[in-house]
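Engineer:
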Amino acid sequence: MEVSALAKKLWCVHKQLIVIITPLLFLPLIFALPDKEGKCLYVVVLMATFWCTEALPLAITAMLPVCLFPTLGILPSKEVCPQYFLETNFLFLSGLVMASSIEEWGLHRRIALKVLSIVGVQPAWLILGMMLTSSFLSMWLSNTATTAMMLPIANAILESLFGDLETLKSKCTNKEDTENDAHSTKLQSLPSMLSEKQILSRDSEDAPETPDPRSTEEIQSEAQYQLQVWKGFLICIPYAASIGGTATLTGTAPNLILIGQLKSYYPECDLINFGSWFAFAFPLMLLFLFVGWLWIAFLYGGLNTRLCFKKEDHRAKAEARAKAMIIEDYKKLGPINFAEGAISFFFILFAVLLFTRDPKFVTGWAVFFKKGYVSDAVTGVIIVSILFFFPSQKPSLHWWFDPLVSNTPYVPLLSWKKAQDSVPWNIILLLGGGFAMAKACEESGLASWIGSYLQPLAQVPPAAAVMLITAFLACFTEFASNTATIIIFLPVIAELANHVSVNPLYFMIPATVGCSYAFMLPVSTPPNSIAFASGHLRIKDMVKTGFVMNILGILCVSMAMNTWGHAMFDLGSYPEWAHPINSTAGATSIRLSPIQNTTL
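Take any residue in the sequence shown, count from 1 to its spot, add 524: that is its number in the working numbering.
Pasting the structure below:
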């Protein structure tokens, strides 16, 4: 058999081979290290390999602790299983249910069109509008759902601005664009994208073409410019969705994993909750969005003198058509109905109650309850529970007393079937697997054992370490799930902070945020994959744009940590709540003694 044929057959079964070979390959870890530490490291490496290669579905890998930790004598099952539904998971679940209600009644489409009608139709302003809208929606909806909803809106606007994409490409005869047509990989897109696009563009047909007085060179140059702008539109949406998810605790899974592991490692740390995280991460999101917008608009031709000076030309007419289309599509939605108004009210109430429960810089409403009893999860579950019985139609006394009125069934704002279909239960299992892994690393003494080998890093200045940690995780997450990445590395980073006498939050927060900054490859995140699936982007477009975006993100995180983050979380000293304590009786090693307070 030829080598190439054998290689193809091996590739067909490579996932099965990984599942079989990996446990055997890492088996020496169990015997080469101390008992519990070696067994725990074996499970961690095994899960990390399966997560990075996706040899097993992510959720199935996340459930391996349920069988491996008890059978290897690391943790009893009664301590492993509860990790899969901690209060952090309920907070995440409540955010997902709220997002499904917003999608059910189309409130996200109304918000998007309203923002785009305000910012204007010049390419740079539209890119900014797309980024602002995508980032705001992804604070509450999943990044994937936000991208899937916004891309059809962008395509409809672009078709109004520039006409059909294939016609536009035919006007470009340069080699680069020909290669783009030949090598663009079209993946299967989400079903919702087609229906959204039909909604947005069904009455926005292009007008019949009129003779163009411009020369061939001018037409070709303009077409090349328009293709660049088209790429800028498509690429800015997944990037903004990833950035926006970092602004709230429920916006993306790594944020919740940070909270869960903080509660596991540092039970007395109560500095991070929905309000305090939002106060830190929202300004960071705005800063990164602004510099990211400048870079994308500069790279794809949006920044020019037309931003400051009006000019009546071919572009101005196209922009007028696009603006008319946006306004027309918004009018088609009609006035806000009762259901949309109710969802808006509960959405605002959801955000306000989470933000004001215990924002740290002022007294929150949690003081009216017994200390430590009410958490963000309680708030979230209360609000979303109301959605399942609150009516979607305006109640009327007339309906009760008029026998002639039709007896239509009672419809709440959200049905359980809709919520069940919308909630990604695999992510909840993934969160649980991360918490179980963190618990085992702590109880077995593995985290302390790894931390003892990180002592040489104490020579690195903390500010430089922040940049290195953010850069490393931003690069690693290009090839692995951001959730799996933070699960694997956060316990190690926590121990690193302990061993170098630095406030753990100073390292853990940038690591968490950095995991969401995956911009360079289509496989890095589902939003990137959806944008690439349009077939109009090449990998080199994403690498070129994403590389600089990663650098900008690292600089923004470093700036945030050393300015307002430093003041908010008192990062200049080693806190009392972070002093290592003795491990529980099940551990085989003892944590280091308390470290003296030091300043950065």
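The beta-carbon is built from N, C-alpha and C at its ideal position, and this holds for glycine as well.
1) Helix, strand or coil, according to DSSP, for residue 1097 in the structure here?
2) Under 7 Å between the Cβ atoms of residue 635 and residue 968?
3) What distance in whole Å lies between the Cβ atoms of residue 963 and residue 611, which are believed to be in contact at a cut-off of 8 Å?
4) For residue 936, list the residues DSSP reports as bridge partners.
5) How big is the Cα-Cα spacing for residue 559 and residue 1012?
6) In this structure, how does DSSP classify residue 1048 when only helix, strand and coil are distinguished?
7) Could you give the C-beta distance for residue 615 and residue 773, rounded to a whole number, given that I count them as a contact under 8 Å?
8) Report buried or exposed for residue 632, applying the criterion of at least 16 other Cβ atoms within 10 angstroms of its Cβ.
9) Does the distance from the CB of residue 684 to the CB of residue 844 come in under 7 Å?
10) In angstroms, rounded to a whole number, what distance separates the CA positions of residue 859 and residue 903?
11) Pairing CB atoms from the stretch 778-785 with CB atoms from the stretch 668-680, are three or more of them under 8 Å?
12) Less than 7 Å between the beta carbons of residue 1006 and residue 778, yes or no?
13) Taking residue 749 as the reference, give the member of 537, 766, 822 with the closest Cα.
14) Beta-carbon within less than 6 Å of residue 970's beta-carbon, same chain only, minus the 5 sequence neighbours each way: which residues are those?
15) In the DSSP assignment, find the alpha helix (DSSP H) that holds residue 895 and state where it starts and stops.
16) Taking only three categories from DSSP, how would you classify residue 537?
17) Return the CA-CA distance between residue 1052 and residue 1044, expressed in angstroms with no decimal places.
18) At the 7 Å Cβ level, is residue 758 part of the contact set with chain C, yes or no?
19) For residue 938, count neighbouring Cβ atoms within 10 angstroms of its own Cβ and tell me buried if that reaches 16, exposed if not.
20) Give the C-beta separation of residue 623 and residue 666 to the nearest angstrom, bearing in mind that I take them to be a contact with Cβ-Cβ under 8 Å.
21) With a cut-off of 8 Å on the beta carbons, I'd call residue 618 and residue 911 a contact; round off their distance for me.
22) Are the Cβ atoms of residue 1034 and residue 1072 separated by less than 7 Å?
23) If I'm right that residue 543 touches residue 579 with Cβ under 8 Å, what's the distance once you round it to whole angstroms?
24) Answer yes or no: do residue 957 and residue 997 have a C-beta to C-beta separation smaller than 7 Å?
25) Given a cut-off of 7 Å on the beta-carbon distance, is the pair residue 663 and residue 768 in contact?
26) Taking the CB atoms as reference points, tell me whether residue 754 and residue 682 lie closer together than 7 Å.
27) What is the DSSP secondary structure of residue 945, counted as helix, strand or coil?
28) In chain order, what residues of the same chain lie with their CB nearer than 8 Å to the CB of residue 1074, ignoring the 5 residues before and after it?
29) Go ahead and pull the three-state DSSP assignment for residue 1065.
30) Where does residue 489 sit, in a helix, a strand or coil, going by DSSP?
31) For residue 656, which residues from the same chain have a beta carbon less than 8 Å from its beta carbon, with the 5 sequence-adjacent residues on both sides left out?
32) Can you tell me whether DSSP reads residue 961 as helix, strand or coil?
33) Using 8 Å for Cβ pairs, my map puts residue 570 next to residue 550. What's the rounded Cβ distance?
34) Would you tell me roughly how many angstroms separate the C-alpha atoms of residue 647 and residue 1097, rounded to the nearest one?
35) My assumption, with CB atoms under 8 Å, is that residue 757 sits in contact with residue 651. Please give the rounded CB distance.
36) Just checking my contact of residue 959 with residue 788 at CB under 8 Å: how many whole Å lie between their CB atoms?
Structural biologist: A quick look at the data gives this:
1) strand
2) no
3) That belief does not hold up - the Cβ atoms of residue 611 and residue 963 are roughly 15 Å apart, past 8 Å.
4) 915
5) 20 Å
6) coil
7) Right, the Cβ-Cβ distance comes to about 7 Å (below 8 Å), so this counts as a contact.
8) buried
9) No, the Cβ-Cβ distance between residue 684 and residue 844 is not below 7 Å.
10) 30 Å
11) no
12) Yes, these two residues count as a Cβ contact at 7 Å.
13) 822
14) Cβ contact annotation for residue 970 (same chain, cutoff 6 Å, sequence separation greater than five): 561, 564, 565, in chain order.
15) No alpha helix (DSSP H) holds residue 895; DSSP gives it neither H nor E.
16) coil
17) 9 Å
18) Absence of chain C from the displayed structure is noted, only one protein chain being present.
19) buried
20) Contact between residue 623 and residue 666 holds: CB atoms are separated by about 7 Å, below the 8 Å threshold.
21) Actually they do not touch by this definition, with Cβ atoms about 10 Å apart.
22) no
23) That pair is a contact at about 5 Å.
24) no
25) yes
26) Yes. Within cutoff.
27) helix
28) Non-local C-beta neighbours of residue 1074 in its own chain, meaning closer than 8 Å and more than five positions away in sequence, comprise 995, 998, 999, 1041, 1043, 1044, ordered along the chain.
29) helix
30) The chain is shown from 525 up to 1124; residue 489 falls before or after that span and cannot be answered.
31) Within the same chain, residue 656 has close Cβ partners 639, 643, 764, 813.
32) Residue state, collapsed to three classes: helix.
33) 6 Å between Cβ atoms; contact.
34) 46 Å
35) 6 Å
36) With 8 Å as the limit, residue 959 and residue 788 qualify as a contact, their Cβ atoms being about 7 Å apart.
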